[in-house]
Amino acid sequence: SALDAVQLEISNYGQTEDRLDRETSALNGYRDALALQDCLLREKARLRWLQDGDRNTSFLHNMIKLRQLKNSITSLRVGQQLLHDHGLIADHAVQHFSSSFTRDCNIVNTGLVERLIPHLVTDGENQLLTALPSAEEVKSTVFSMDGSSAPGPDGFGGCFFQFCWDVISTDVIS
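Letter by letter, the sequence shown follows residues 9 to 182 in this note's numbering.
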């Protein structure tokens, strides 16, 4: 190829500005050719899938088998031991994740978190933040909503709540 020839010339006769420019040009041409080849192969694979993939053909079944093999765990290393039996692999996975996501009763609270993380909210502020809103606060919030805003998860917009407040207020507040 042109790139090999220029690189051989550079290694035999040394670097010159002209040879480096020709190498850069040949390298760009090589990269363009690789990109075209990649594009062609992707198109051929897509075309093959469109022709044969959706029908109940051996191609489809082979693709499913390949996907299942790719997504399966055939062996698992546990320390120095290599597990091949699917039952042992499954048991080890269940045991591993069960122990990872259950509380360790041996943890001792040393108070380190409380000493290192500053108290940003006082106890009084925390009580105000966690207290349930009063009926008047709920009503003022409902009537401060934009009536033409998008409906919430229940499907009702602000206009509905404002218009029907006398009927629905006890249900909304509770």
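We put the beta carbon where it would ideally sit given N, CA and C, even for glycine.
Between the CA atoms of residue j and residue i - distance to the nearest angstrom
{"i": "E25", "j": "R39", "result": "21 angstroms"}
{"i": "E17", "j": "T65", "result": "53 angstroms"}
{"i": "L137", "j": "V150", "result": "19 angstroms"}
{"i": "Q89", "j": "G95", "result": "15 angstroms"}
{"i": "A139", "j": "S177", "result": "19 angstroms"}
{"i": "L128", "j": "T118", "result": "20 angstroms"}
{"i": "N79", "j": "V121", "result": "41 angstroms"}
{"i": "K73", "j": "R27", "result": "51 angstroms"}
{"i": "V146", "j": "I115", "result": "42 angstroms"}
{"i": "S106", "j": "F164", "result": "42 angstroms"}
{"i": "A43", "j": "G37", "result": "10 angstroms"}
{"i": "Q15", "j": "R75", "result": "42 angstroms"}
{"i": "E5", "j": "A41", "result": "Since the first residue of the chain shown is 9 and the last is 182, residue 5 is not available in this structure."}
Cβ separation of residue i and residue j, assumed to be a contact under 8 angstroms, to the nearest whole Å
{"i": "G132", "j": "M153", "result": "At roughly 29 angstroms, the Cβ-Cβ gap does not stay under 8 angstroms, so G132 and M153 are not in contact."}
{"i": "H100", "j": "V86", "result": "6 angstroms"}
{"i": "A34", "j": "A53", "result": "With a Cβ gap of about 29 angstroms, A34 and A53 do not count as contacting."}
{"i": "L84", "j": "L77", "result": "That belief does not hold up - the Cβ atoms of L84 and L77 are roughly 16 angstroms apart, past 8 angstroms."}
Reference residue i; option with closest CA among the options
{"i": "G155", "options": "C47, F168, S107", "result": "F168"}
{"i": "S182", "options": "Y21, T82, A143, S108", "result": "A143"}
{"i": "P141", "options": "I81, T130, V180, T32", "result": "V180"}
**Request:** Please go through the stretch 80-139 and give each complete alpha helix (DSSP H) segment of 4 or more residues, from N-terminal end onward.
**Result:** 94-108, 120-124, 131-138
**Request:** Jot down the residue ranges of each uninterrupted alpha helix (DSSP H) in the stretch 14-46, minimum 4 residues, whole runs only, in chain order.
**Result:** none
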